[in-house]
Amino acid sequence: MSQNLDQTNAQISQEETVEKQNSKYCTLNLQNQNLLYNHIYNEHKFKKFIFAFFVLVIVINFFCNLSLLIANFQTQQVIEEYYYLPFHQLDFWGAFLFALSEGCVLILTGIVTLDSYKIYLIIINIGGTLIALILFLFNPEFFEPASHWIEYSVQLLLTLTDFLFIFQQDKTSLMYKYRYCESFIIIVTFIMAFIKLFIYGNIIPTNDDGERQAHYLEYSGEMINDCFVIFFIVLQLNQENTNILETMQMQLDKLLELNGITIRQ
Ligand SMILES: [Zn+2]
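See below:
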């Protein structure tokens with residue numbers, strides 16, 4: 019009798035252990051799932067905030083370029099006499115902050131990874147515009163030509179970087195859909211950036227000061243680059259919104275399923 023009881027006890031305790039182990043496993047699994055959903059949700063939310071910040075920076079940059087373009091309609095004499103310094107400071111700061119923001123967006127979206135050769139393009143863009151800015155800040159009049167040469171050379175690469183926004187992403191995106199039209203705009207902007215070097219160096223003669231004519235091409239080209247980045251970030255923002263909603267829906271479905279609740283359609 020006592021032997022039988024012992025056997026039963028042993029059986030019960032074994033079943034209990036298996037049950038306990040199973041339930042522990044289930045709770046852990048459930049906890050993991052919840053943690054995972056929370057992690058995915060937070061990641062999308064973080065990206066959304068960062069994209070919103072950068073779209074703001076680039077929109078501001080667009081209007082700074084528009085202001086520079088308007089100010090450039092004055093004669094070179096007026097520019098140099100009344101607002102030479104803030105005009106050029108805004109020019110060089112704008113180019114640097116644009117390259118920096120563009121690089122951050124490309125890395126954040128995974129279009130440029132740290133182990134790919136494209137990262138060197140980003141480094142040259144940021145580094146070149148930073149050198150131009152620093153030299154100009156050291157001594158505006160002494161370093162202005164050197165700063166412009168560096169800036170204008172880097173802007174050739176900055177224009178080519180726009181191709182990454184079109185061809186290195188989701189093939190179903192709106193930007194990919196209009197790729198040929200956008201590529202045409204980029205090629206025209208690239209030719210403009212190339213001509214700008216010749217005009218600035220007075221190889222292509224103009225009736226006016228070469229620098230002022232080069233500025234027209236510079237600011238309009240930068241505004242086109244701004245538009246590409248703005249368009250791209252807005253699409254990414256929408257994507258993050260969709261991702262957030264999908265994660266929330268999945269989490270809710272799981273919760274309802276666990277509680278045995280079905281929603282009538
Ligand atoms: Zn200048």
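Count along the sequence shown from 1, add 18, and you get the number used in my numbering.
We put the beta carbon where it would ideally sit given N, CA and C, even for glycine.
Candidates the options, of which the one nearest residue i by Cα
i, options, result
"M241", "K66, A117, E61, T93", "A117"
"N47", "K272, G278, F67, H233", "K272"
"N83", "I68, F67, P104, A70", "P104"
"L253", "Y101, D109, D188, V96", "D188"
"F154", "I168, N143, Q92, I142", "I168"
"K65", "I262, M268, L270, Q267", "I262"
"Q338", "D227, S238, T260", "The question about residue 338 has no answer, for the chain in this structure spans 19 to 283."
"F156", "K63, Q107, I125", "Q107"
"I125", "G146, F69, V77", "F69"
"T147", "Q49, L115, L255, F161", "L115"
Buried versus exposed call for residue i [16 or more other C-beta atoms within 10 Å across all chains shown]
i, result
"T26", "Unreliable placement is indicated for T26, whose pLDDT of 49 sits below 50; the coordinate value is still reported in the next sentence. Per the 10 Å Cβ criterion, exposed."
"A150", "buried"
"Y170", "buried"
"T224", "exposed"
"H57", "exposed"
"G128", "exposed"
"S284", "No answer is possible for residue 284: the residues shown for the chain start at 19 and end at 283."
"L182", "buried"
"E275", "exposed"
"T280", "exposed"
"I184", "buried"
"T265", "buried"
"Q173", "buried"
"F110", "buried"
"E287", "For residue 287 there is no data in the structure shown, the boundaries of the chain being 19 and 283."
"F67", "exposed"
"E159", "exposed"
"G278", "exposed"
CB contact check: residue i to chain D, cutoff 8 Å
i, result
"Y55", "No chain D is part of this structure, which consists of one protein chain only."
Checklist entry - Going along the chain, which residues put their C-beta within less than 7 Å of some heavy atom in ligand 1? => result In chain order, the hits are H106, D109, E162, H166, E229, H233.
Next on the checklist: Tell me whether the stretch 246-254 and the stretch 62-75 touch, counting them as touching only if at least three CB pairs, one residue from each stretch, are closer than 8 Å.
Outcome noted: Look at the beta carbons and you see the stretch 246-254 touching the stretch 62-75: at least three pairs across the two are nearer than 8 Å.
Next on the checklist: Three or more C-beta pairs under 8 Å: does that hold for the stretch 202-215 against the stretch 172-179?
Outcome noted: With the cut-off at 8 Å, the stretch 202-215 and the stretch 172-179 touch.
Next on the checklist: Under 8 Å, with one C-beta from each stretch per pair, do the stretch 135-152 and the stretch 194-208 reach the 3-pair mark?
Outcome noted: These segments do not touch.
Checklist entry - Is there contact here, the stretch 213-222 with the stretch 232-239, by at least three beta-carbon pairs under 8 Å? => result Contact holds: three or more Cβ-Cβ distances are below 8 Å.
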